[in-house]
Amino acid sequence: MTATSASLRRRRRHEEVAERSIISTMDRRQPIVRAVVGIVGTAVLIALAIACAGPLLWLFKAATSTSTETLAQPFAFWPSGFHWANIVQAFDEVDFARYLGNTLLVCLGSWFFGLLVATTGGYGIAVLRPAYARIVSAAVLATLFIPGVISLVALYLTVIDVPLLGVNLLNTFWAVWLPASASAFNVLLVSRFLMTIPRDLFDAARIDGAGAVRVFAEIVLPMARPIIGVLSLLTMVAAYKDFLWPLLVLNRPDLQPISVALPRIADNTDLAVLMAAMFISVLVPVLVFLVFQRQFIRAAGSAGALKE
Amino acid sequence: MTTATDVTAPAAVEPVVAPPPRRRRRTPVTWVRHGGLTTLLFFVPLLLSFGYFSWWPILRSLVLSLQQTNFLTSTWVGLANFQRVLADPLLGTAVWNTTYFSLLAVVIGFPIPILTAVFLAEMRRTRGLGSALAYLPVIIPPVVAVLLWKAFYDPSENGLFNTILGWFGVGPIAWLNDPDLVIPSLVLYATWAGFGTGVIIYLATLMTIRTELYEAAEIDGARILRRFWHVTLPQMRGILLIMLLLQLIGTFQTFTEPYIMTGGGPENRSLTILLLIYRYAFVAGDYGRATALSLLLAVALSLLSGLYMWATRRWSTS
Amino acid sequence: MTPIRRRTALALAATFTVGALAACSQGGGTPADGGGESADVDTEAAVTISVGNMPTTENPELRADFERKLEAFTEAYPNITVEPEETEWAADTWNALIAGGTMPNVISAPFTEIQSMIARQQVADVTDYLGESEVFSSLNPSVLAVAQADDRTYAVPTSAWTMGLLYNRDLFEQAGLDPDAPPQTWDEVRTAAQAIQEKTDAQGFLTMTLDNTGGWVLTTMSYAFGSTLQNEDGTEATIVNDATAGVLDYYQQLRWEDITMGSNFLVNYDDAVQLFASGQVGMFVQGADNYTNMVVKNGMDPQHFGVAPLPQQPNGLGTLSGGNLAVFSPTSTPEQLAAAVKWVEFRDFRKYTDEDIAVAEAEAAAADGVAVGEPALPVVDRSVYDQWLSWVEPYINVPRENFDLYLSTVEDVTLVPEPPVKAQELYNTLDSVVQAVLTREDADTDELLQTAQDTFQSALDLG
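Chains as they are written, first to last, in our numbering: chain A, 1097 to 1404; chain B, 314 to 631; chain C, 71 to 533.
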């Protein structure tokens, strides 16, 4: 596996230098091919723009129009002008600060605990490898094949009454953070990555007298930065989008993240203000995505590659 | 009395006994001194996290499925929950709907990311823009996306999609209100929301296909299409197979879309298995039946995965 | 007046009929023998209670009103510290809330749930704390009976309502109908719907269909057409009956012949409120207490809001009704219970016994934009309620003259209890029946009803 991933890395770098795909440079010299590629390429781009960015642009339009206009003439472009009032009203009525703040807390907590479990667990399974590591690894792997649905209700009951501790985590952020940290995918991601690091490195460190903790802090963590980057993005996006679980465990409105609060708000406001609220709540992730585009895409891609 | 045989006898005797292996007495002290405690400490977060929130709930589900509980008391009811679940006429509906949804999602939603990725791979200058655009729907929180599409699917002639169709002279479609169209409508939405992930992953894979393969094919006189068929697809086989399985497992657990868009209607035509589980647990308050159905679904999916792995083992590259 | 959440909107008729007024008076409010605990409670000691149902920030008027009352309460009772929560009763999470011990000391719950809550010991016995208050003695005994079991009281009813026919007065005018003479028979409803459909942009009639509301409305209509859906002790489903079939036929006629029911049939409680409040629907069957929902929360023009008594067929049984009660956490200390009861009394009942308070509250509420004097079914005796109305007359900001017909008949209508057993499951089962009739022209109503009956009967048989 070490050889393959090393060659993969070499290959990827090579590819970025000399672009090569199905259609070769020789092919492209033919005007027909160039024309077809050009046309199809443009068509694909336009289709993507309409399909993917279109809805967001429409959302902006709906957010700045009146409800009647949106309902009766969905494609009319601001017949009565921009109605910024909707957005102002949305800010007034909907406590975005609170909901987005909750969302941030949920994301950060999920990120931290997810990372904690994945890095320490991955380290233990891949590097330290005590006798029981095999069993633990198998148990973790097994949960990957068991769909989450099976434990939904049981998890809910566990969160209400944590065994041995007897606390009720309902309506606390722990109820969202802790279950999110038990992600087999994350652990495997880290452990597989760590397994590609040559063992000599660790042996050398041990000979030098470094203990497990020092090795972890000074060797593993720095080397694992790319995978930690991937993990961070994945856990945060997942936490941001999560709906069903926070809906179940965070029913106090003042604790709800934006993903849960929105449908509730939908019931209380008229269409235009709702559209404005939706637009505002979409703005944050979209802006973050646009800024960190390349990292996102690289992360998503490498996560996929590691799925193999 | 020593004879010649005696002299050679020692050769047949066991060689000099090796020194006994250094027997390490496994006492707690030696264990700690050899770093056992530290190692264990590294495992603690994982063990606690998985123990409480992964393994224990799974075990508890097995127990719950055999009980009836109302938070005050629990009574053992054996397989009664399973019997009730299997006897529920809605189960057939839910299974049919979910299967239909998943298959339709595969037929429609599986090729689209592949094709898009292939196209994007050829578009050297606009690839970044294309990838970003494709991934955009994935970034949008499902709740917002679903509410948006709910508005798009307005069945009156002023609904967004119906207006577009009106430009082409096609009459207003009932979309979510049409019992026959409700699942295809949900699939359309799900495809839009999820294809970006596939595009990115496939794009990354496409970039790793070795040039030599293409060059060899080109030298052999293969045209573009044949290169795609004989080089690209086989090289992507591994990732394609895994993504297909993951998609199947994922779509079988669809919940958010029917929950927010249709509540399972009209007339339970968009009731999925997970929505049924939710109804058992949180509308009827029957956790026993809910876990029983969850277990059945989990077993079915595991069998599906196993079958799939076995059937495709000849084809995967890893 | 307590905001009703989507899922809680299934709060249905309480277990009382007008006849109960004459019948059993279960000692409304006075403590049964065995009381006396209240004497030991130190009402001056410092105590902290948590109270639910604080309106969220999306409802600024209601929230301001709540906060004002909170402030006044803390002034009046400085030893009581109140921690408000936005927690509300919700069908799916109630059990978990209780089991996890996170129920606030006092929270609102619908009538339909109280008896099963009592049976499951999920609410505290507050009989002793009510006896002391003069305010509670003005509670209508039959309303109070809802919250009682075995001569003990477990909750305080705070609001009640009946189902009615909500109609848009403005659309009526546009369609050439008289807004002060709303339809009184179902045939009249049908013609009115046709008029609205023809002469305005709105759809004539609507029925909710999702999240158990479809079954809820179907049950209401069945009563109005002449039949219940369960027998009295809840052992037998009577879904297959002429009245319910009649309702489905009626829906079919309006939907497929007259085409007055619009094109979207996946409508839950909140969707319906929004559609009505934005003037897209002429009439629909809904709780008559929705004034605040429509006008205050959703910006409907108050002059457009109309409510009429639910039309009855000749052999109609009456109107479905329900309400909300304040329930108390069983883990509360006696001091907390006393304080919580005081809070309920302060929040909802002072205005009935003290004119100055009534006036001050009404004045402040009107200033905040909250509705004063909206149509409702009083939980206190009629005379007490009328007295309160006369006190706050200058501040009534609701055009009560528009609701004359409803208000003058609300007390005389026969109130029918909701299905006694597994109402939620019944409504859930019926939801798909309603959806079928509205989305499939070829729906066979007899078949649908029979299937629903078989399904629900097996649910009943399980016990």
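Where a beta carbon is used, it is the ideal one built from N, C-alpha and C, also for glycine.
**Report entry** Option nearest B/L587 by Cα separation, candidates B/L379, B/W542 and B/L404
**Finding:** The closest CA to that of B/L587, considering only B/L379, B/W542 and B/L404, is found on B/L404.
Requested in this report: Take the Cβ of A/Y1228 as the centre, count every other Cβ of all protein chains shown within 10 Å, and call the residue buried at 16 or more, exposed below.
Outcome: That one is exposed.
Query raised in the report: In this structure, what does DSSP give as the bridge partners for B/G619?
Result: According to DSSP, B/G619 bridges with nothing at all.
Query raised in the report: Name the DSSP beta bridge partners of C/N238, please?
Result: BP columns for C/N238 point to C/F375.
Query raised in the report: Looking only at C-alpha atoms, which of C/T223, C/E268 and C/T289 sits nearest to C/L396?
Result: A quick correction: the sequence has Ala, not Leu, at residue 396 of chain C. Checked all of C/T223, C/E268 and C/T289; the closest Cα to C/A396 is C/T223.
**Report entry** Residue range of the beta strand (DSSP E) that includes C/G352
**Finding:** For C/G352, the uninterrupted beta strand (DSSP E) run begins and ends at V351 to G357, by DSSP.
Query raised in the report: Which value, in whole angstroms, describes the spacing of the CA atoms of A/I1315 and B/P579?
Result: Their Cα atoms are separated by approximately 58 Å.
Query raised in the report: Whose Cβ in chain C lies nearer than 8 Å to the Cβ of B/S469?
Result: Listed along chain C, the residues sitting closer than 8 Å to B/S469 by beta-carbon distance are G332, S333 and N334.
Requested in this report: Starting from the C-beta of C/A265, find all residues in its chain whose C-beta is less than 7 Å away, skip the five residues before and the five after it, and write them out in chain order.
Outcome: Around C/A265, the same chain offers A245, G246 and L247 as residues with beta carbons nearer than 7 Å, after the five sequence neighbours per side are excluded.
Query raised in the report: Does B/R626 have its Cβ less than 7 Å from a Cβ in chain A?
Result: Under the 7 Å criterion on CB atoms, B/R626 is classed as non-interfacial with respect to chain A.
Query raised in the report: Rounded to a whole number of angstroms, what is the C-alpha to C-alpha distance between B/Y621 and B/L557?
Result: Taking the straight line from one Cα to the other gives about 10 Å.
Query raised in the report: Exposed or buried, what is B/W542 when buried is set at 16 or more other beta-carbons lying within 10 Å of its beta-carbon?
Result: Looking at its Cβ environment, which holds fewer than 16 other Cβ atoms inside 10 Å, B/W542 is exposed.
Report task. Establish whether the CB of C/S502 and some CB of chain B are separated by less than 7 Å. Result -> Yes, C/S502 lies at the interface with chain B (some Cβ there is under 7 Å from its Cβ).
Query - Burial state of C/D303 (16 or more Cβ within 10 Å) - result: Classification of C/D303: exposed, given that the 10 Å Cβ count is below 16.
Requested in this report: Using a cut-off of 8 Å between C-beta atoms, extract the partners of A/F1187 located in chain B.
Outcome: Those within 8 Å of A/F1187 in chain B number zero; the least Cβ separation is about 17 Å.
Requested in this report: State yes or no: is the C-beta of C/T283 within less than 7 Å of the C-beta of C/Q505?
Outcome: For C/T283 and C/Q505, no; Cβs fall outside 7 Å.
Requested in this report: Note down, in chain order, each residue of its chain lying with its Cβ closer than 6 Å to the Cβ of A/F1331, except the 5 sequence neighbours on either side.
Outcome: According to the sequence shown, residue 1331 of chain A is Thr rather than Phe. Same-chain partners within the cutoff: S1206, W1207 and G1210.
Report task. Along the beta strand (DSSP E) that carries C/N394, what are the first and last residues, could you check? Result -> In this chain, the beta strand (DSSP E) harbouring C/N394 covers T389 to F398.
**Report entry** CB contact check: A/P1349 to chain C, cutoff 7 Å
**Finding:** Look at A/P1349: its C-beta is under 7 Å from a C-beta on chain C.
Query - Among C/T499, C/T163 and C/N472, the one whose alpha carbon lies nearest that of C/P379 - result: Ranked by how close their Cα comes to the Cα of C/P379, the residues C/T499, C/T163 and C/N472 have C/N472 in first place.
Query raised in the report: Can a CB atom of chain C be found closer than 7 Å to the CB of B/G479?
Result: Under the Cβ distance rule, B/G479 does not count among the residues neighbouring chain C, no pair being separated by less than 7 Å.
Query - Assigned secondary structure, C/A272 (DSSP; H/G/I helix, E/B strand, else coil) - result: Residue state, collapsed to three classes: coil.
Query raised in the report: What are the boundary residues of the beta strand (DSSP E) that C/A179 is part of?
Result: Here the beta strand (DSSP E) through C/A179 covers V176 to P180.
Query raised in the report: Does A/V1326 come within less than 7 Å of chain B when only Cβ atoms are used?
Result: For A/V1326, the answer is no, since every Cβ of chain B falls outside 7 Å of its Cβ.
Report task. Output yes if chain C places a C-beta closer than 7 Å to the C-beta of B/G364; else output no. Result -> Chain C, which has no Cβ nearer than 7 Å to the Cβ of B/G364, makes this no.
Query raised in the report: Buried or exposed: where does A/W1180 fall if 16 or more other Cβ atoms within 10 Å of its Cβ makes it buried?
Result: With a 10 Å radius around the Cβ and a threshold of 16 neighbouring Cβ atoms, A/W1180 comes out exposed.
Query raised in the report: Is there at least one Cβ from chain A nearer than 7 Å to B/S274's Cβ?
Result: Any answer about residue 274 of chain B is impossible in this case: the structure gives chain B only from 314 up to 631.
**Report entry** Integer-rounded CB distance, given that B/T352 should sit under 8 Å from A/V1309
**Finding:** With a beta-carbon spacing of about 10 Å, A/V1309 and B/T352 fall beyond the 8 Å limit used to define contacts.
Report task. Quick one: give me the first and last residue of the beta strand (DSSP E) that B/A381 is part of. Result -> For the record, residue 381 of chain B in the displayed sequence is Gln; it is not Ala. Following the DSSP letters along the chain, one finds B/Q381 inside the beta strand (DSSP E) bounded by residues Q380 to T382.
Query - Under the three-state DSSP convention, the category C/A194 falls into - result: Of the three classes helix, strand and coil, the one that applies to C/A194 here is coil, per DSSP.
Query raised in the report: Are the CB atoms of B/L446 and A/C1148 nearer to each other than 7 Å?
Result: Yes; because the gap between Cβ atoms is below 7 Å, this pair is in contact.
**Report entry** Beta-carbon gap between A/A1214 and A/V1286 smaller than 7 Å
**Finding:** Yes; because the gap between Cβ atoms is below 7 Å, this pair is in contact.
Query raised in the report: If you drop the 5 nearest sequence neighbours on each side, which residues of the same chain put their C-beta closer than 7 Å to that of C/P464?
Result: Excluding residues up to 5 positions away in sequence, nothing lies with its Cβ nearer than 7 Å to the Cβ of C/P464 in the same chain.
Query raised in the report: With 16 other CB atoms within 10 Å as the buried threshold, where does C/N385 fall?
Result: Result: exposed.
Query raised in the report: Name the DSSP beta bridge partners of C/M233, please?
Result: C/M233 is bridged to C/G357.
Query raised in the report: Does the beta-carbon of A/F1388 have 16 or more other beta-carbons within 10 angstroms, so that it is buried, or is it exposed?
Result: By the neighbour-count rule (16 or more Cβ atoms within 10 Å), A/F1388 is not buried but exposed.
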